[in-house]
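Shown next, in structure tokens, is the structure this report addresses.
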Amino acid sequence: MQGLFEVGGVGDAKKFFAEMLSARPIPDFYTHGIVLNGYFKYGLVEEALLLVSKLERKRENTDIIFSNIVIGGLCKNGKLDKARAIFENLPLIGVLPNVRTFTIMINGLCLEGFLDEANNILRNVEDNGCFPNNVTYNVVVQGYLKCNKICEMATFMKEIAGKGFSFDATTTKLLINVIGENPSVLDIIPELHLRNKK
Numbered sequence: 001m002q003g004l005f006e007v008g009g010v011g012d013a014k015k016f017f018a019e020m021l022s023a024r025p026i027p028d029f030y031t032h033g034i035v036l037n038g039y040f041k042y043g044l045v046e047e048a049l050l051l052v053s054k055l056e057r058k059r060e061n062t063d064i065i066f067s068n069i070v071i072g073g074l075c076k077n078g079k080l081d082k083a084r085a086i087f088e089n090l091p092l093i094g095v096l097p098n099v100r101t102f103t104i105m106i107n108g109l110c111l112e113g114f115l116d117e118a119n120n121i122l123r124n125v126e127d128n129g130c131f132p133n134n135v136t137y138n139v140v141v142q143g144y145l146k147c148n149k150i151c152e153m154a155t156f157m158k159e160i161a162g163k164g165f166s167f168d169a170t171t172t173k174l175l176i177n178v179i180g181e182n183p184s185v186l187d188i189i190p191e192l193h194l195r196n197k198k
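Here the sequence shown is numbered in UniProt numbering, starting from 1 and rising by one per residue.
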């Protein structure tokens, strides 16, 4: 079924999934994850949420991996409010977010320009027993770059100095694009590179 989604065979994938639902045994967590990822990939948000609702009523797949798929899919489809609501509801249903959950939510907020809210969540990560990783930090830096908030990015870089941060390929590409549009950004890059190598 994953192969069908990958080649754009959404209709065939949906038909195959429907056949699985009518058979035994019922689809497992892995299968539901594939279907949800496929729905979100092709913008079938309502169908994805309908499946989520059915699973929740049956109290199936209410774990953090499942929640990460849903939150990430909603963010990628511009449904930030729904993603935020699910994220905030996790503790209430006994599901503890992990660092990937926080990173996904922070990325969704950064994509929409809500950098202050993203930073507030970042500050709370450790309070929830998690530790931001290089992916988390890159997501925040990318948010600053996309919003052209270079000074704020420099401040953030100073805050995370010594935490093992390094630019990933996506951040590097964004940085190059920003420099191409605004060469004056180079004035602060040497300092960032110095910190990046420590």
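All C-beta atoms, glycine included, are put in the ideal place defined by N, C-alpha and C.
query: Cut-off 6 Å between Cβ atoms - residues of its own chain near P97, not counting five sequence neighbours on either side; result: L90
query: Anticipated Cβ contact below 8 Å, G143 with C110, distance rounded; result: 3 Å
query: Span separating the alpha-carbon of G180 from that of V70; result: 36 Å
query: Continuous alpha helix (DSSP H) assignments of at least 4 residues falling wholly in the region 78 to 138; result: 80 to 89, 99 to 111 and 115 to 124
query: Reference K173; option with closest CA among D28, I104, L145 and C151; result: L145
query: Start and end residues, alpha helix (DSSP H) containing Y30; result: F29 to K41
query: Cβ-Cβ distance between V95 and S67 below 8 Å; result: yes
query: Rounded distance between the beta-carbons of V99 and N133, thought under 8 Å; result: 6 Å
query: Own chain partners of N182 with C-beta closer than 6 Å, once the 5 adjacent residues on each side are dropped; result: none
query: First and last residue of the uninterrupted alpha helix (DSSP H) at residue 204; result: The question about residue 204 has no answer here: the residues shown for the chain are numbered 1 through 198.
query: Chain-order list of residues whose beta-carbon lies under 8 Å from that of I86 (same chain, five-residue window excluded); result: S67, V70, I71 and L74
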